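Structure first, then comments.
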DNA sequence: AAAACTTCGTTCGCACTGCGAAGAAACCAG
DNA sequence: CTGGTTTCTTCGCAGTGCGAACGAAGTTTT
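Residue numbers (the numbering used here), protein chains in the order written: chain B, 540 to 947; chain A, 540 to 947.
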């Protein structure tokens, strides 16, 4: 189990691990597939495929699920992935809440819990809440610790690749000294993976949403803050310091209002939830002085309220400036918009696309699809679980098998 | 030699190929290293290392170069990479010239030729010029075709990953129907690799310039056009449609002048060579109405001419807007500025860094170094050759060995 | 100067892997 | 029911990396 820095060498065992991983991924993707078909696609010999499938079957990750249709001879035995073989925990730490999901190996939510929690200034309380909710999820489904692959965490902060678990001292100063990974890993005795929330939203879309086949994708989270995450070559791209995707602080209007970060006209100051709500209070009838919620803006826009429509239009236009820059620089295949406000769909996409078209090269536009997320409000937490799934599908040893190596 | 789509399977031969590649790269990087040291670093067994090195030695890529210093026992035999074992051709197609280099396996230029050539509207003439220059380079060094690994081409156009060789119909409409790769590959009977010029500038920096150890890097080419290239995980990143890095058409000033591309305030309209020269004519003494050249601006700035300094300052400020966006979105470890104007060094870097600091999150700034290129005017052509080198170091079979497989 | 120790590189048998040929099993078509 | 087809397994083979043992070539100690 070499985990050295350079170690990319292969020996006989590594060869098996690699091919085994390839097959496992193929079976997972196809849901059901015969040995013969696997052999054809991978160009591995039938004998090798049989041997590896036997291994996988023995470890409980796949199983035979009856016969398929004949192609003019003996009917193939279909192999299926056992989605329920293990569970995965996903945690979302939002700005004002914590939410936990327990999923199977297909990203389906089996149980979920959430609670209001001030995350920004209360690390101790947040960790306690997370622990409680996680335990509740485990208890609710009577899931033994043994059958949990790991725990993924979505944090509202950039995460440095070399120190996952530590929060950014600039974004979450109160978390100085805390290590989320460390803390939860010791509590539950599980592998813990931490990443930025927008990155995990992107991963979620890549696996369960708009990402059809692992193409490069960018996810933009429209909420209190504006964040984005990139999937490049099937992997979350984090940049040199883990801050790739901080689209919220791109300056789109040099004459705009000042931002907490010290700049002017940041995207977040113009289209963050706070700004939208503020704008709504100005434009919409302020019944009793109470500021409307994002949900009300969404409903208003759907109902045809001109003020709400106007807010969405403005959002689309500003966002278009940033997205145009994104397309020119990165040229992703898909851009997905998430966050509550994105549920207005075309009402947002139309002005956005128009704004982008005015600003991006037509070559980069032509190949890029811009869509809104179809995943629900648990997409970030599910994305956190997906981070674990992705790691395990690549390295089978992460599955908590009884390690029945044939040597034993 | 499986080159299928999915094929990532490994058999015994693939295992050897992979380990062999690893060693080859290590020897290339270290220049000289003993078998024992290789074994320690790779965690391969000494016997395996010896066997593979024998293979490589037999193929002429490496050789023994005497003994190293003892570590308290027998002195190690140092193995060195034979930089001169093969040659590589690199071609730069600029806006108004074509330039060809013949390099060794260490990026050193052995011969070079260049000629004025209108590339944009004259595909036929351009290809002819390229053929002539390449042949001249080969003749000058009496290099037999057999010892050339391949030919790399830097094109002033985005290159679509699925059709390298075809130019973008929007940028170079006159090239419709031409396939550079096809054309040159048949002429010289060599593998041909084509990529965008800025991408290859980035690759050049990654191998021979500011890129110290394969960190993520962005290169920005300041010339007639403004382009950029990203190196991610040691590889050129091309995006979904090959247009990643089109930084030149990012809008930095919504009130700016209209651009050929149809937008307003594109970076290129503000800091492209044309704009700089135009500005210079306004500010500097226009002796005899003749517009100054970029070179004159550089010299003026160095000599302390306030007008030239002012131009450079403006350049730095505008560029800073785009770079700030780049840092927030991609968070590279290094940003390298290339192109003739970048030779003013700190005179440009100071205002640029100040501009960036005003606009980028301090977290992404902290980890990013911004520098000017130290490579000469042949860096793009050398980058084209490097593309070939990179491919061959990964897949040894690209070296035109006499394929003396031990079976023969 | 000789002996003891250290490091380097090679040799050889072993275990494991994937492959290919052969064969058994299962199915379809006439 | 027979011939052809496809699926899957069995078994011997070739190639690979590993580990132990060994010789080679230095350095350090006696």
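Backbone N, C-alpha and C fix where the C-beta goes; we use that ideal spot for every residue, glycine too.
Keep in mind that this is a model prediction, so the values were computed, not measured.
| Item | Value |
| --- | --- |
| Looking only at DSSP bridge pairs, what is residue 760/A linked to? | 766/A, 877/A |
| For a contact meaning CB atoms closer than 8 Å, what does residue 773/A contact in chain B? | Those do not exist, as residue 773/A stays about 12 Å from chain B at its closest Cβ, beyond 8 Å. |
| Taking the straight line between their C-alpha atoms, what separation do you get for residue 594/A and residue 637/A? | 39 Å |
| Classify residue 829/B as buried or exposed, calling it buried when 16 or more other Cβ atoms lie within 10 Å of its own Cβ. | exposed |
| Tell me, which residues are paired with residue 717/A by DSSP? | Its beta-bridge partners do not exist; DSSP assigns none. |
| Excluding sequence positions up to five away, which residues of its chain have a Cβ less than 7 Å from the Cβ of residue 814/A? | 808 |
| Between residue 945/B and chain A, is there a C-beta pair that is closer than 9 Å? | Because residue 945/B carries a pLDDT of 38, less than 50, the predicted location of this residue cannot be relied on, and the following value inherits that uncertainty. Chain A, which has no Cβ nearer than 9 Å to the Cβ of residue 945/B, makes this no. |
| Given that a residue counts as buried once 16 or more other Cβ atoms are within 10 Å of its Cβ, and exposed if not, what is residue 918/A? | buried |
| Does the beta carbon of residue 557/A come closer than 9 Å to any beta carbon on chain B? | yes |
| Between the C-alpha atoms of residue 554/B and residue 929/B, what's the straight-line distance to the nearest angstrom? | 20 Å |
| Quick one: using the 10 Å Cβ neighbour count with 16 as the cut-off for buried, is residue 934/B buried or exposed? | exposed |
| Using only CA atoms, which one of 676/A, 644/A, 666/A lies nearest to residue 714/A? | 666/A |
| Determine the DSSP secondary structure at residue 662/B, reduced to helix, strand or coil. | helix |
| Using a Cβ-Cβ distance cut-off of 9 Å, determine whether residue 586/B contacts chain A. | no |
| Are the Cβ atoms of residue 924/B and residue 646/B separated by less than 9 Å? | yes |
| Can you give me the Cβ contacts of residue 763/B inside the same chain, cut-off strictly under 7 Å, excluding the 5 residues immediately before and after it? | 634, 811, 812, 813 |
| Just to confirm the assignment: which complete alpha helix (DSSP H) runs, minimum length 4, are found wholly within the segment 553–637 of chain A? | 574–581, 585–597 |
| Going by alpha carbons, who is nearest to residue 676/A out of 573/A, 630/A, 908/A? | 630/A |
| Rounded to the nearest angstrom, what separates residue 551/B and residue 883/A at their Cα positions? | 55 Å |
| Which residue from 614/B, 598/B, 640/B puts its Cα closest to that of residue 621/B? | 598/B |
| Going by other Cβ atoms of all chains shown within 10 Å of its Cβ, with 16 needed for buried, is residue 772/A buried or exposed? | exposed |
| Using a 10 Å radius around the Cβ and a threshold of 16 neighbouring Cβ atoms, would you call residue 944/A buried or exposed? | For residue 944/A, the pLDDT reaches just 43, beneath the cut-off of 50, and the residue's location in the model is therefore unreliable, although a value from the coordinates is still provided. Under this definition residue 944/A is an exposed residue. |
| What are the boundary residues of the alpha helix (DSSP H) that includes residue 652/A? | Premise fails: residue 652/A lies in the beta strand (DSSP E), 648–655, not in any alpha helix (DSSP H). |
| Around the C-beta of residue 584/A, are 16 or more other C-beta atoms found within 10 angstroms, so that it is buried, or is it exposed? | exposed |
| According to DSSP, which residues form a beta bridge with residue 771/A? | 774/A |
| For residue 581/A, decide whether its Cβ has a neighbour in chain B, counting only Cβ atoms nearer than 9 Å. | yes |
| With DSSP collapsed to three states, give me the class of residue 548/A. | coil |
| Output the distance between the C-alpha atoms of residue 681/B and residue 765/B, rounded to the nearest integer angstrom. | 37 Å |
| Please name the residues in the segment 738–757 of chain B whose beta-carbon is closer than 8 Å to at least one beta-carbon of chain A, in chain order. | 754, 755 |
| Does any residue of chain A bring its CB to less than 9 Å from the CB of residue 550/B? | yes |
| So with Cβ pairs under 9 Å, would you call residue 561/B a contact of chain A? | yes |
| Please report the residue range of the beta strand (DSSP E) in which residue 866/A lies. | Where residue 866/A is concerned, there is no enclosing beta strand (DSSP E), although the alpha helix (DSSP H) it sits in stretches over 845–869. |
| Can you find a CB in chain A that lies within less than 9 Å of the CB of residue 573/B? | no |
| Taking the C-alpha atoms as reference points, what is the distance between residue 664/A and residue 686/A? | 28 Å |
| Let me know if residue 683/A comes out buried or exposed under the rule of 16 or more other beta-carbons within 10 Å of its beta-carbon. | exposed |
| Can you give the Cα-Cα distance for residue 922/A and residue 693/A, rounded to whole angstroms? | 8 Å |
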